[in-house]
Structure formats: structure tokens, C-alpha cells
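Residue numbers (the working numbering), protein chains in the order written: chain A, 1 to 313; chain B, 314 to 613.
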């Protein structure tokens with residue numbers, strides 16, 4: 001097991017090097033001179049030359065690349081053009097907000113998705129199944145920011161249950177949770193559609209298996225058959241779907257942080273994009289992909305617990 | 314003797330053509346029997362008609378501002394109301410369908426055009442080629458799609474072409490991954506070994522034997538990807554990183570509508586409804602196609 005985790009972590013290194021390389025070259029594709037962008041068109045040529053030297057842009061591309069790579073591997077992505085703070089430090093400061101949203105969103109998605117999927121599968125072809133299947137197809141077709149606007153309009157504006165935006169009073173955990181709830185529900189609802197769909201079809205498939213029939217004929221109760229025999233096996237593809245949808249989740253946080261005016265990695269990235277703050281863009285995107293890769297490894301490891309047949313190679 | 318064998322070959326060929334025709338018409342009937350496919354087709358056709366006929370059916374100019382009629386609620390004059398610049402929301406919805414469809418269709422086309430060869434080459438040649446290409450796909454996959462698109466737009470600047478490029482690039486890996494997986498499975502089949510032993514070139518094998526056999530999942534993936542592409546485009550416009558205003562796009566309308574949710578909810582609701590309807594149409598089409606073309610994946 002430990003060997004497998006080590007191997008997966010080692011294999012992630014070339015991917016991360018690739019990510020850094022891609023980020024280095026993608027930013028170099030930008031039209032215009034970043035130095036002129038920072039200093040403005042009116043800068044004197046001495047100032048331009050001095051800043052170019054300071055940023056290391058006067059060196060050959062390959063030297064710049066090696067320098068960038070060696071610094072990036074130590075977590076140093078340079079300083080933000082906007083406020084001069086180290087770019088990675090700003091990322092680490094914003095991350096807890098995104099993490100809260102992602103974790104609570106995932107939990108809500110799992111509870112809702114499994115609940116709806118199991119209900120639909122048990123009551124196959126009934127009105128519960130029809131309503132939940134229709135709702136799932138509809139939600140899966142909605143952009144997450146539209147779902148957010150719908151929920152804000154109904155639950156915050158019309159009913160006044162949740163605050164419209166912001167993170168609340170950091171000193172008051174209740175206020176923080178209260179402000180987090182609606183964005184997390186939106187994220188969870190959006191992601192639950194795929195989970196519900198997969199749970200339903202996977203559970204229906206498993207309910208046809210011989211061992212489930214055996215369990216029924218033994219006289220086991222509905223609860224025991226579904227939760228102890230069928231669900232455990234039906235969960236394997238569901239875990240895959242949750243893992244695969246983590247990208248959706250991260251993308252969703254970017255959009256939701258904008259809609260709900262919350263701080264976080266997404267807001268940091270979008271602000272950096274508007275300001276053409278390249279070091280900040282590089283650091284934020286690098287961190288996003290680092291989280292993404294780590295979660296995927298985590299999901300793969302989780303498989304082995306759920307299904308001992310899957311050999312970790 | 315030679316004449317007889319020639320005749321047998323011709324008969325066999327026509328028999329095969331007959332069989333193919335029967336199979337195709339059976340497939341057509343099955344597709345038409347699928348509720349999902351038919352509903353998806355109706356939505357898709359309506360949206361395409363709306364986009365194509367935009368100059369004829371749009372009641373107003375979608376860009377022209379009319380400051381005397383700002384934020385008007387829906388009425389017989391403006392069916393979907395007006396926006397903060399007095400522009401007719403219905404006209405902007407109609408013209409906005411063009412951007413959504415053009416970006417959706419072209420970016421899926423380009424993503425498939427780049428992704429499929431990548432995946433097929435990786436799966437067909439295996440070994441070192443696969444190792445290198447798979448790493449490349451992994452790197453692209455390690456960015457969530459929308460984030461990759463945001464970065465590309467940030468670097469290249471806002472224009473329709475750049476939106477198409479950004480959305481295409483963010484979708485290349487999913488095509489590459491499916492094409493690779495399918496190729497790996499097909500290349501072990503006997504008919505490929507037969508083609509190899511007959512001395513067929515790699516290109517012939519890939520073009521004549523591999524591609525036709527991996528087409529089904531790719532078609533399904535393309536249809537489902539159209540929905541995702543439209544959502545990514547709308548997200549970019551929503552964030553102010555898509556096609557530049559005043560060009561009407563549904564995502565930009567949603568962003569404007571969000572700021573006027575209290576006073577003019579019709580802006581956000583119209584745009585949100587049409588994005589959802591279009592994506593729903595493509596998702597239903599994809600589901601219907603998958604049910605019919607790939608019975609193993611059929612929804613139970």
C-alpha cells in the first residue's frame with residue numbers, strides 16, 4: 001500500500017513539472033511586453049531596461065526557464081504585480097476559504113446524490129423516480145452560476161433565509177457557516193446530479209446480481225440487502241464519478257466565489273487575470289492543479305478500500 | 314469457374330450492402346423511438362433555426378441602445394423586457410444563440426480534431442510514444458477545464474477566435490483519453506492482426522480499421538461535449554473574459570442580469586433559461602445516441 005502511494009506520488013512529479021513548463025510558456029505567449037505593461041507606455045528606456053534586468057527577462061529563454069523551474073519547485077513564483085506580496089503566500093492565505101467551500105459542497109453533494117440515487121433506484125419507475133430523474137437531468141444542464149442566481153433570488157432575495165454575499169464575521173463561527181451554507185448548497189446541488197445518476201444506475205445493476213438475489217431469498221430485510229449487500233458494491237463507480245467531478249467542483253468554486261463575492265483561490269485568480277498579474281496567475285493555477293492531482297491520487301487509493309479486487313499496481 | 318467466383322463475390326457484396334442498409338434503418342427507428350433523442354433533436358433544431366434566422370425573427374437591433382426604455386419589464390412591445398441600456402432582451406437572446414452554437418460546435422470540432430489523433434497514436438503505438446503522449450494528456454488533465462480556459466483567455470485576450478481556441482484546448486484531453494482507451498481495446502482484436510499480417514501500413518490500419526470501430530463513443534462524447542462547451546463559453550462571458558461586449562452572449566446577459574436581480578429579474582431569467590434549454594438539448598441528444606449506439610451503457 002505504502003509502495004503504491006509512493007509510486008503514485010513519484011509519478012505526479014513529471015506531471016507537475018509539465019504543469020510548470022506549460023505555465024511558463026503559456027505566459028510567454030501573451031502579446032506585448034510585460035515590462036511595458038507594468039511600467040506603462042510612458043516609461044523611459046532606462047527604467048524599462050532596469051526592470052527587465054530585475055525580472056530576469058534579459059536572459060536567454062532557456063536560462064529564464066531553468067530559473068523559473070528551480071524557483072517554482074521551491075514554491076517561489078515571484079511577487080504579485082498588484083501588491084508586491086509573494087504570489088504563493090497570497091494563494092495559501094486564500095486557500096482555506098476555497099477549501100471550506102469545496103469540502104462542505106462535496107459533503108452536501110454526496111449526501112444529496114446518494115440519497116436521491118438510492119430513492120430513485122428503490123422506487124424504480126415510480127413518480128419519485130420520474131421526478132428525481134427529471135430534476136437530475138435539468139440540474140446537470142444548468143451552469144453553476146445560473147443555479148446560484150436562482151437560489152440567491154429564491155432563498156436570499158425572496159425568502160430572506162440566507163445572506164446574499166460575503167463571508168460573514170470571521171470572529172463568529174456561526175456567521176461564517178451561515179454565509180458559507182448557500183454557496184456550498186449550490187455547489188453540492190450542482191455536483192449531486194451526476195452522483196445521483198450514477199448511484200441509481202449502478203445500484204439497479206447490482207440489485208440484479210446473484211448475490212443480492214441470494215440475500216433476498218435468505219429472508220434478509222430490505223435495509224440489510226440494500227445497505228449491506230448492494231450499496232457497497234454499487235459505490236465503486238460512484239467514487240470514480242466523485243473523483244472525476246472534482247475538476248467541476250474546483251471550476252465551480254471559481255464561479256461561485258465570484259457570484260457570492262467570497263474571497264478564495266478563484267477570486268484571487270480572476271482578479272489576477274483582470275490585472276494581468278502573471279506571477280499571481282501562475283501561482284494560483286499551479287496550486288489548483290496541485291490540489292487536483294493530489295485529490296485524484298486520493299480517490300485512486302480510496303478504491304482499494306472499497307474494492308479489494310482492484311489491485312494497486 | 315472464375316466467372317462464378319466473381320459472381321459470388323458480387324452477390325456477397327450486395328448482400329452486405331443490403332444488411333448495412335437494414336442495420337442503418339433499424340438504428341434510425343430505434344433513435345426515433347428514444348424519447349430523449351427526439352426531445353433533444355427538437356430543442357437542438359429550434360435553437361439552430363433561431364440562430365440561422367436571427368436577422369429575420371429578431372424584433373430589434375440587439376446592440377442599439379435606447380436610453381428612454383431602460384429596464385422595461387416584459388410587455389407586448391418587448392416580450393422579454395429590456396436591459397439597462399434599453400436593448401431588447403429577446404433580440405439579444407436570439408442573436409446570442411449564434412455565439413453559443415458557433416463556439417460550441419467549432420470548439421468541439423477542433424478539440425476532436427486534435428484530441429482523437431493524439432489518443433489514437435498513443436493507443437496504437439503503445440510503448441514510449443504512449444508514455445510521452447499520456448504524460449502530455451495528464452498535464453492537460455491536471456487543470457480543471459474552466460481554469461485552463463480562463464488562463465488561455467487571460468493570455469490571448471478577448472475575441473471570438475480566442476474563446477473558440479480556449480474552449481477547444483480545455484476539451485482536447487477528454488477526446489484524447491477516450492480515443493486512447495478505445496484504440497487500446499480495438500488494436501488487440503483479430504481483424505487488426507489480420508490486417509497487420511496482410512502487410513497493411515499503420516496509416517491504413519488506423520484509418521480503415523481502428524477509426525471506424527472507435528467512432529461510436531466519440532460521437533456520443535462529441536454530443537455531450539457540446540453542452541459542456543456552451544457552459545464553458547457562458548462561464549467565460551459571465552466572468553467578463555469571453556467575447557467582447559456589446560456582442561450579445563448569454564453568459565454576459567446573465568452577469569448583467571445578476572446585478573439587476575432585484576429590479577429587472579427578466580434579464581437573468583431569460584438568459585439562464587436559454588442556456589439551460591440548449592445544454593439540455595445536447596445532453597438529451599447525447600444520452601439518446603448512447604442508449605441506441607452503445608447498448609452496454611444503456612440506462613437501466
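For glycine and all other residues, C-beta sits at the position ideal for the given N, C-alpha and C. Since the structure is predicted, the reported quantities are computational estimates derived from the model, not experimental observations.
- Per DSSP, the unbroken alpha helix (DSSP H) holding residue 241 of chain A starts and ends at 231-244.
- The beta-carbon distance between residue 22 of chain A and residue 452 of chain B, rounded to whole angstroms, is 6 Å. This is short enough to meet the 8 Å contact definition.
- Among the CB atoms of chain B, one or more fall inside 8 Å of the CB of residue 146 of chain A.
- From the beta-carbon of residue 142 of chain A, the residues of chain B found nearer than 9 Å are 544, 585, 588, 589, 592, 593.
- Pairing residue 360 of chain B with residue 401 of chain B, the inter-Cα distance amounts to about 19 Å.
- Contact between residue 265 of chain A and residue 292 of chain A is absent: CB atoms are separated by about 12 Å, not below the 8 Å threshold.
- Following the DSSP letters along the chain, one finds residue 459 of chain B inside the alpha helix (DSSP H) bounded by residues 458-469.
- Pairing residue 102 of chain A with residue 335 of chain B, the inter-Cα distance amounts to about 51 Å.
- Here residue 363 of chain B has 370, 407, 410 as same chain residues with Cβ atoms under 8 Å from its own Cβ, once five neighbours each way along the sequence are excluded.
- In the structure shown, residue 86 of chain A falls within a strand segment according to DSSP collapsed to helix, strand and coil.
- Residues of chain A with a Cβ closer than 9 Å to the Cβ of residue 414 of chain B do not exist; the shortest Cβ-Cβ separation is about 16 Å.
- Not a single C-beta of chain B is nearer than 8 Å to the C-beta of residue 78 of chain A.
- Contact holds between the segment 269-286 of chain A and the segment 67-80 of chain A, because three or more Cβ pairs, one in each stretch, are under 8 Å apart.
- Taking C-beta atoms as the reference points, residue 353 of chain B and residue 379 of chain B fail to come closer than 8 Å.
- Closer than 8 Å to the CB of residue 258 of chain A there is at least one CB belonging to chain B.
- Interface annotation for the segment 279-292 of chain A against chain B: 281, 285, 288, 289, 292, criterion Cβ-Cβ distance under 8 Å.
- Distance from the Cα of residue 384 of chain B is smallest, within the candidate group B/587, B/596, B/577, B/598, for B/577.
- In chain order, 588, 592 place their CB closer than 8 Å to the CB of residue 544 of chain B, counting only its own chain and leaving out the 5 sequence neighbours on each side.
- Here the alpha carbon of residue 483 of chain B sits roughly 23 Å from the alpha carbon of residue 524 of chain B.
- Contact check for residue 376 of chain B against residue 530 of chain B fails: the beta carbons are separated by 8 Å or more.
- Proximity to residue 249 of chain A across A/90, A/18, A/107 peaks at A/107, based on C-alpha coordinates.
- Sixteen is the threshold: when 16 or more other Cβ atoms of the shown chains lie within 10 Å of the Cβ of residue 546 of chain B, as they do, the residue is buried.
- For residue 186 of chain A, the secondary structure class from DSSP, reduced to helix, strand or coil, is helix.
- Counting the other CB atoms within 10 Å of its CB gives residue 61 of chain A a total below 16, which places it among the exposed residues.
- The Cβ atoms of residue 19 of chain A and residue 447 of chain B do not sit closer than 8 Å to each other.
- Residues of chain A whose Cβ lies closer than 9 Å to the Cβ of residue 481 of chain B do not exist, since the nearest Cβ in that chain is about 15 Å away.
- For residue 3 of chain A, the uninterrupted alpha helix (DSSP H) segment begins and ends at 2-28.
- Out of B/394, B/365, B/357, the CA that lies nearest to the CA of residue 373 of chain B is found in B/394.
- Relative to the Cα of residue 204 of chain A, the nearest Cα in the group A/238, A/8, A/94 belongs to A/238.
- Apart from the 5 residues on each side of it in sequence, residue 200 of chain A sits with its Cβ closer than 6 Å to the Cβ of 117, 120, 121 in its chain, given in chain order.
- One thing to note: residue 420 of chain B has its Cβ no nearer than 8 Å to the Cβ of residue 464 of chain B.
- Burial check for residue 391 of chain B: the Cβ neighbour count within 10 Å reaches 16 or more, so the residue is buried.
- Residue range 45-54 is occupied by the alpha helix (DSSP H) that includes residue 54 of chain A.
- Listed by position along chain B, the residues whose Cβ is nearer than 9 Å to that of residue 30 of chain A are 467, 468, 469, 470.
- With at least 16 other beta carbons inside 10 angstroms of its own, residue 146 of chain A counts as buried.
- Judged by DSSP in its simplified three-state form, residue 560 of chain B adopts coil rather than helix or strand.
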